[in-house]
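Protein sequence lines correspond, in order, to chains G and E.
Start counting the first sequence at 0; every next residue gets the next number (numbering that gives the first Met the number 0).
Start counting the second sequence at 0; every next residue gets the next number (numbering that gives the first Met the number 0).
Protein chains: 2
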Amino acid sequence: MSRADLGRAFLASRLAREAPGVAPDPLAFLDARADAQASVVTVCPLAELPRWRLDAHRLAHDTGRFFTIEGLAVETTFGAVPRWEQPIIRQPEIGILGFLAQRAPEGGPLRLLCQAKMEPGNRGVVQLAPTVQATPSNYLRVHGGLATPYLEHFLPATRARVLVDLLLSEQGSRYLHKRNRNLVVELPPEVPVPVAPDFAWLTLGQVGDLLAVGGRVNMNARTVLACAHVAADDAARAALLAAPPGGDPFRAAVLASRLHAPADPDGELRAALSWLADEKARHRLDARPVPLSALPAWRVDDGGALCHESGRFFRVIGVTVADARREVGAWGQPMIQPAHDGVVAFLCQRRRGVLEVLVQARVEPGLLDAVELAPTLQLAPGDYAGGAPLPPLAEHLAAPPERVRLRAPQSEDGGRFYHDDKEHLVVELPEDEPLAAPPGFRWMTLALLERLVACGGYLVGVEARSLLACLA
Amino acid sequence: MSRADLGRAFLASRLAREAPGVAPDPLAFLDARADAQASVVTVCPLAELPRWRLDAHRLAHDTGRFFTIEGLAVETTFGAVPRWEQPIIRQPEIGILGFLAQRAPEGGPLRLLCQAKMEPGNRGVVQLAPTVQATPSNYLRVHGGLATPYLEHFLPATRARVLVDLLLSEQGSRYLHKRNRNLVVELPPEVPVPVAPDFAWLTLGQVGDLLAVGGRVNMNARTVLACAHVAADDAARAALLAAPPGGDPFRAAVLASRLHAPADPDGELRAALSWLADEKARHRLDARPVPLSALPAWRVDDGGALCHESGRFFRVIGVTVADARREVGAWGQPMIQPAHDGVVAFLCQRRRGVLEVLVQARVEPGLLDAVELAPTLQLAPGDYAGGAPLPPLAEHLAAPPERVRLRAPQSEDGGRFYHDDKEHLVVELPEDEPLAAPPGFRWMTLALLERLVACGGYLVGVEARSLLACLA
Chain G
0 MSRADLGRAF LASRLAREAP GVAPDPLAFL DARADAQASV VTVCPLAELP RWRLDAHRLA
60 HDTGRFFTIE GLAVETTFGA VPRWEQPIIR QPEIGILGFL AQRAPEGGPL RLLCQAKMEP
120 GNRGVVQLAP TVQATPSNYL RVHGGLATPY LEHFLPATRA RVLVDLLLSE QGSRYLHKRN
180 RNLVVELPPE VPVPVAPDFA WLTLGQVGDL LAVGGRVNMN ARTVLACAHV AADDAARAAL
240 LAAPPGGDPF RAAVLASRLH APADPDGELR AALSWLADEK ARHRLDARPV PLSALPAWRV
300 DDGGALCHES GRFFRVIGVT VADARREVGA WGQPMIQPAH DGVVAFLCQR RRGVLEVLVQ
360 ARVEPGLLDA VELAPTLQLA PGDYAGGAPL PPLAEHLAAP PERVRLRAPQ SEDGGRFYHD
420 DKEHLVVELP EDEPLAAPPG FRWMTLALLE RLVACGGYLV GVEARSLLAC LA
Chain E
0 MSRADLGRAF LASRLAREAP GVAPDPLAFL DARADAQASV VTVCPLAELP RWRLDAHRLA
60 HDTGRFFTIE GLAVETTFGA VPRWEQPIIR QPEIGILGFL AQRAPEGGPL RLLCQAKMEP
120 GNRGVVQLAP TVQATPSNYL RVHGGLATPY LEHFLPATRA RVLVDLLLSE QGSRYLHKRN
180 RNLVVELPPE VPVPVAPDFA WLTLGQVGDL LAVGGRVNMN ARTVLACAHV AADDAARAAL
240 LAAPPGGDPF RAAVLASRLH APADPDGELR AALSWLADEK ARHRLDARPV PLSALPAWRV
300 DDGGALCHES GRFFRVIGVT VADARREVGA WGQPMIQPAH DGVVAFLCQR RRGVLEVLVQ
360 ARVEPGLLDA VELAPTLQLA PGDYAGGAPL PPLAEHLAAP PERVRLRAPQ SEDGGRFYHD
420 DKEHLVVELP EDEPLAAPPG FRWMTLALLE RLVACGGYLV GVEARSLLAC LA
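Given below as structure tokens:
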């Protein structure tokens, strides 16, 4: 299947709010599953987590599986702080984040099989998740739980047509070299798919509407959705500009930017990759795993959590979860709780008639290749309360309302992060106030950013992908 | 510049042995520089290396720059050995490997500006090297040496047209997360380029002939040459099959495989990437940096080298180099000396009329993403002398002469590896004895393998790229 054909299939689904067999009201579908997934999440000292052990080296499960929390000593020429130590999550296995896709037997656009899922880190709401989100530790049933439904559609021997299959990073400030496999697999229309109680078919357009609500589409779903690219297509772009869907000029500009076809696409991509390689070469990152006991500024506080002496950044806490519906009945695990609320923001601007976003080449200590593309801004303003200078362009976080095109909270992965909502913000600068990209930043069409995601190879970070998914 | 246009430019240079301004006899050019670069390389105990210090943690230069040799503790589900410890080279910076390219003002094919270079690890011969091979430690002149000639053509502010720019790995069994930037930069024909004494213009075809000699094109040149792709092109393929250059049917089949255009190129690439992701997910690799003192089987021997108690694998030795022509007058450094000679081999076979090579998805402890594509076979047979079972397909190393299409020694990077020649072998299996790919292996056209190299993102390992370059 060519990239162009695939792009047309995703575009049709993106423009559709109705299709045979889809749930008519996605929000109602999610809320209806809340009672069935009711759970009790209790914070506890790390030392009291059943089956987890905190020693001088690491915090680990007694099987050695799932994940560990270890220390990392960082030296870098990027940013204001040249060296620090921090705890970091280590999970050297590849999780599956997969959406099953199918057209109805009677035709119509692609539909995605979406899961309603409660995670312990979420603030009490059920969120839309991919059909399958599972690590080998889960689906190989290390914890003796139930089988993962629909898993067979994502395994090599029993996989149908692969539309998307990309290994992509997770948060480089929290995970050491973590990557997930982002999959969309299409089943032929005639194959019957039993829809289990926590599942429903939705179009990409319906999921886009849920994204605009905020807080209802989980991080794992957002990263896969960021891979469902419409392809650069001049004809489709002209048609959409002539008759924008819904009449919202910003949404039309977003779609036109996604469909933008430059004169020399190979040359444009090569130039962007050369710039990214320049940024990788310009910055030095030396990140060394060290024992937890070698983090001088981190200590276990009175509540039994591992935290920074300043109270900034994040805490490693314990939680226990009692939940009849998860793969196992009750369990405990460490989670990361942010010290302050965070924000991720794209500045965007019409440049030569096409909407572009300002991306940053950002060093994060846990990234496999040191640098990935990030939003224009990515920070927790509270971490700067001591008077440290804010990063470049932070003044746009206080943009006047008439420039704000999107503002919605979205949660981090509720399987690892506790009450960690990041405000997702998109600010459009007026076309007649052109902003030159500062060093380390670059303007890009959404079409180019999507091509960079599609390259695989850890080029576009999870925060930029999450914002990209929200630009529906 | 489109991929197709770029492919045509590289194809024309590949087919050319003559062009305005090129050195008529590349071998004579190299040999003529041998006297000018005469140097004396002396092996010495690690403890006597000037400015290097071996302690319980690492072997390091007193500036902290260049590279260090540290310990690595490895656990993996790949291969016959589930865990081991080894020394590994750590160099967290990005080197530049760059060829300057230019057409003559009077026209003709692309020519590459090649360097004649002596490296301390080589067996006394001058080799063809890229125009520039330099790490930031070199070109920022940490050692107070001379400026790197032609460097300005590869730096962001002064770079002309970029034809190739790929971050690619080095040996994953010797380096921890090492990557280099492989560049080809084209200057306009009218820009005068002074040709310094150690440099000469050559076509890709001339370099291909040098590769066939063996031992005269260095590893840094080979990895960049593996990126000079002809693009998949049905018309060029048909023309070449009708009139093969030089009349050698195997060379014609190699070129046809490079030019192969499948019916669904995007789908073919996606399928190969999915298979590679399956292989990454199937194997677990947990590689942790540890102090050198935590390698129980490694010790400093009577000669002052760090070696394995079995005498297998490799030794870390010290060498001092006196050489009037290098950037600095004399210096000492650690080098890696293999315990036994190595071999890298591709099995190939005509399948449905097109020549394909059998690649392996191989775990190596120092690879950034754990798995890269490797040759069919990659081993040092001497390391198996104790009776350990040889890897699958090793019987083809003893293929009868009528199946051997290429057999030439090629050296590893003489800046880090001492007298480390790898036999490069290509064996063609008869078309009527089809070989099914074993688990972890896959048949690929050269066109597909080249597309995977061009993806960047550490998909194709340096040994496979070196063999690919030799298939000229």
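Positions of the beta carbon are idealized from the N, C-alpha and C atoms, including for glycine.
query                                                                                                                                                                        : result
Quick check on G/Lys177: does DSSP put it in helix, strand or coil?                                                                                                          : coil
Would you list the residues sitting across from E/His60 in a DSSP beta bridge?                                                                                               : E/Trp51
Is E/Pro374 near the ligand MN - that is, is its Cβ less than 7 Å away from at least one heavy atom of it?                                                                   : Among the ligands in the structure shown, none appear at all, so the ligand MN cannot be discussed.
Pairs of beta-carbons, one from the stretch 203-218 of chain E and one from the stretch 435-451 of chain E, closer than 8 Å: are there three or more?                        : no
Between G/Trp83 and G/Ala286, what straight-line distance do the alpha-carbon atoms span, to the nearest angstrom?                                                           : 10 Å
Should E/Pro119 be labelled buried (16 or more other beta-carbon atoms within 10 Å of its own) or exposed?                                                                   : buried
Does the stretch 107-121 of chain E come close enough to the stretch 296-314 of chain E to have 3 or more Cβ pairs within less than 8 Å?                                     : no
Measuring CA to CA, which of G/Trp274, G/Leu470, G/Asp265 is closest to E/Met0?                                                                                              : G/Asp265
So, with DSSP's three-state summary, where would you put G/His307?                                                                                                           : strand
Whole angstroms are fine: how far does the CA of G/Pro408 sit from the CA of G/Ala252?                                                                                       : 23 Å
With the cut-off set at 8 Å, would you say G/Val184 and G/Arg221 are in Cβ contact?                                                                                          : no
For E/Ile372 and E/Val358, which I take to be in contact (beta-carbon distance under 8 Å), what is that distance rounded to the nearest angstrom?                            : It is worth fixing the name first, because residue 372 of chain E is Leu in this sequence and not Ile. Contact flag correct, Cβ pair sits at about 5 Å.
Within the continuous alpha helix (DSSP H) that includes E/Asp277, where are the two ends?                                                                                   : 264-281
My guess is that E/Thr76 and E/Arg283 are in contact by the Cβ rule of under 8 Å, so how many angstroms apart are they, rounded?                                             : 5 Å
Roughly how many whole angstroms lie between the Cα atoms of E/Glu267 and G/Thr157?                                                                                          : 18 Å
Is any beta-carbon of chain E found at less than 8 Å from that of G/Met0?                                                                                                    : yes
Taking G/Leu434 as the reference, which of G/Gly303, G/Leu354, G/Leu154, G/Leu96 has the closest Cα?                                                                         : G/Leu354
Please report the residue range of the alpha helix (DSSP H) in which E/Thr130 lies.                                                                                          : Where E/Thr130 is concerned, there is no enclosing alpha helix (DSSP H), given that its DSSP letter is neither H nor E.
Could you confirm whether any beta carbon from chain G is found closer than 8 Å to the beta carbon of E/Lys421?                                                              : no
Please report whether the beta-carbon of G/Asp233 lies at a distance below 8 Å from any beta-carbon of chain E.                                                              : no
Check E/Ala159 in the structure and name its three-state DSSP category.                                                                                                      : coil
Please state whether the Cβ-Cβ distance between G/Thr130 and G/Tyr149 is less than 8 Å.                                                                                      : yes
So which residues of chain G does E/Gly97 contact, with C-beta pairs closer than 7 Å?                                                                                        : Chain G residues near E/Gly97: none, gap ~12 Å exceeds 7 Å.
When you compare each of E/Glu69, E/Pro91, E/Ala18, E/Thr62 to G/Ala369 by their alpha carbons, which one comes out closest?                                                 : E/Pro91
Just checking my contact of E/Glu432 with E/Lys421 at CB under 8 Å: how many whole Å lie between their CB atoms?                                                             : Their Cβ separation, rounded to whole angstroms, is 27 Å, which puts E/Glu432 and E/Lys421 out of contact at 8 Å.
Within 8 Å of any Cβ in chain G, is that where the Cβ of E/Leu448 sits?                                                                                                      : no
Can you list the residues of chain G that E/Pro155 reaches, using a CB-CB cut of under 7 Å?                                                                                  : Asp277
Quick one, which residues of the stretch 262-286 of chain G are near chain E if we go by CB-CB under 7 Å, in chain order?                                                    : Asp263, Asp265, Gly266, Arg269, Leu272, Ser273, Ala276, Asp277, Lys279, Ala280, Arg283, Leu284, Asp285
May I ask you to list, following chain order, the residues of the stretch 55-71 of chain E that have a beta carbon less than 7 Å from some beta carbon of chain G?           : none
How about E/Cys454 and G/Gly456: are their beta carbons less than 8 Å apart?                                                                                                 : yes
Which bits of chain E does G/Asp164 rub up against, with CB to CB less than 7 Å?                                                                                             : Arg269, Leu272, Ser273, Ala276
Grouping DSSP H, G and I as helix and E and B as strand, with all else coil, what is G/Phe28?                                                                                : helix
Taking G/Arg180 as the query, report the chain E residues whose CB atoms sit under 7 Å from its CB, ordered along the chain.                                                 : Ala276, Ala280
Closest by CA to E/Leu10, which one among E/Ala238, E/Arg32, E/Ala397?                                                                                                       : E/Ala238
Within the same chain, show all residues whose beta-carbon is closer than 7 Å to that of E/Ala199, passing over the 5 residues directly before and after it, in chain order. : Ala22, Phe28, Cys113
Of the residues G/Leu96, G/Leu45, G/Leu186, which one's Cα is nearest the Cα of G/Lys333?                                                                                    : What sits at residue 333 of chain G in the sequence shown is Pro, not Lys. For the residues G/Leu96, G/Leu45, G/Leu186, the minimum Cα distance to G/Pro333 belongs to G/Leu45.
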